[in-house]
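Numbering (the UniProt record's numbering), first residue to last: 1 to 293. Ideal Cβ placement from N, Cα and C applies to all residues, glycine included. Since the structure is predicted, the reported quantities are computational estimates derived from the model, not experimental observations. Here's the structure we're looking at; comments come further down.
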Amino acid sequence: MTMKLPSIPMAPITSSNIPEGPEWGYQIKWDGVRTLVRLDGLGGVEIFGRRLEPRNHTFPEIVALLEPIRVGPCILDGEIAYFDGVRPNFQRAKLGVRKRAHDDGLIFVMFDMLNSNGKDIRKLPFKERFEKLQASFPEKTPQLFVTDLHSDGLTLWNWLNDREWEGIISKRLDSPYMEGKKHNYWFKKRKEIRIVADVVGIKLRDGRVSSLVLRYENRYIGHVSGLDNASKQVLQQFMVDHSGECPFKELTPGMVKSDVAWLSVPFPARVTALEFTDSGLLRQPKLLSFGDK
């Protein structure tokens, strides 16, 4: 019988706080691609993305790491990340910026187990599932390991923040595995990202400046508002003097229908946001300043 996958993985809820108490455990939020793995115990490996799309062809390196493992039939939950030697690299892993088919920087980090020896264990408390996961994978290698479970969330957060890692996941130790976000068991707090993006267009409303269209590493990443009246006046003239063409091959449906003045002379802007979404757009972006410093 095939071990059944969840319809969607359990997902942490974004929070600005770190819950405290003996009922909580804390793990590093790895900056990578959410991944479910099904092992048949005989060398068969199936890798699935967040939407359960097959990913064996995308990550043959991870398949090769898992094929020799004999732990019995199981389903693992984790992240495939790219570690550049200092920290996980979001662009290389999550946005798929991979320059060659085989990449030694890719790692698979496990943090939960949904099925053990062919038995569905999603109703067990997280602490018990994690202990089974640790028992199944007691050894750590640079590319394949179980992430640690910490008891002091604040200390872990400070360690991550000092090193500019992504963030922290807080998990109730008694939590069952529940699909999606309809729960109060897992929470994530992440460091805001700060980037310098190119302003390549100006979004208009009734012919007036409304927001700025952003490009980052040759990708459309959304638009940001928060302009004061003085900036809007300057930009109103700038878009007339530097009219250009859309630099993107594809746009989101919402942008296709928008009134945008594209620029022949892009300029830099410093932007902060909570995260990149799965589609590569900024979540809740805020304009900090113009220029690259």
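Of the residues the options, the one placed nearest residue i, counting alpha carbons only
i, options, result
"residue 166", "71, 56, 266 and 86", "86"
"residue 144", "22, 111 and 120", "111"
"residue 5", "122, 13 and 71", "122"
"residue 232", "207, 250, 219 and 150", "207"
"residue 265", "63, 288 and 239", "239"
"residue 217", "141, 262 and 268", "268"
"residue 253", "189, 220 and 82", "220"
"residue 192", "3, 2 and 16", "16"
"residue 83", "120, 33, 42 and 130", "33"
Buried/exposed call for residue i, threshold 16 Cβ in 10 Å
i, result
"residue 169", "buried"
"residue 55", "buried"
"residue 106", "buried"
"residue 273", "buried"
"residue 211", "buried"
"residue 224", "buried"
Bounding residues of the alpha helix (DSSP H) (the contiguous stretch that carries residue i)
i, result
"residue 253", "253–256"
"residue 133", "126–136"
"residue 234", "229–241"
"residue 84", "First-last for residue 84: undefined, no H or E at that position."
CB of residue i within 8 angstroms of CB of residue j, strictly
i, j, result
"residue 271", "residue 281", "no"
"residue 117", "residue 176", "no"
"residue 226", "residue 213", "no"
"residue 8", "residue 38", "no"
"residue 186", "residue 80", "no"
"residue 147", "residue 30", "yes"
Extent of the continuous beta strand (DSSP E) run through residue i
i, result
"residue 34", "33–39"
"residue 29", "24–29"
"residue 111", "106–116"
Beta carbon proximity, residue i to chain D, threshold 8 angstroms
i, result
"residue 210", "You won't find chain D in this structure, because it holds only one protein chain."
Below 8 angstroms, can you find three or more Cβ-Cβ pairs linking the segment 14–24 to the segment 62–70?
Note that the segment 14–24 does not touch the segment 62–70; fewer than 3 beta-carbon pairs, one per stretch, sit closer than 8 angstroms.
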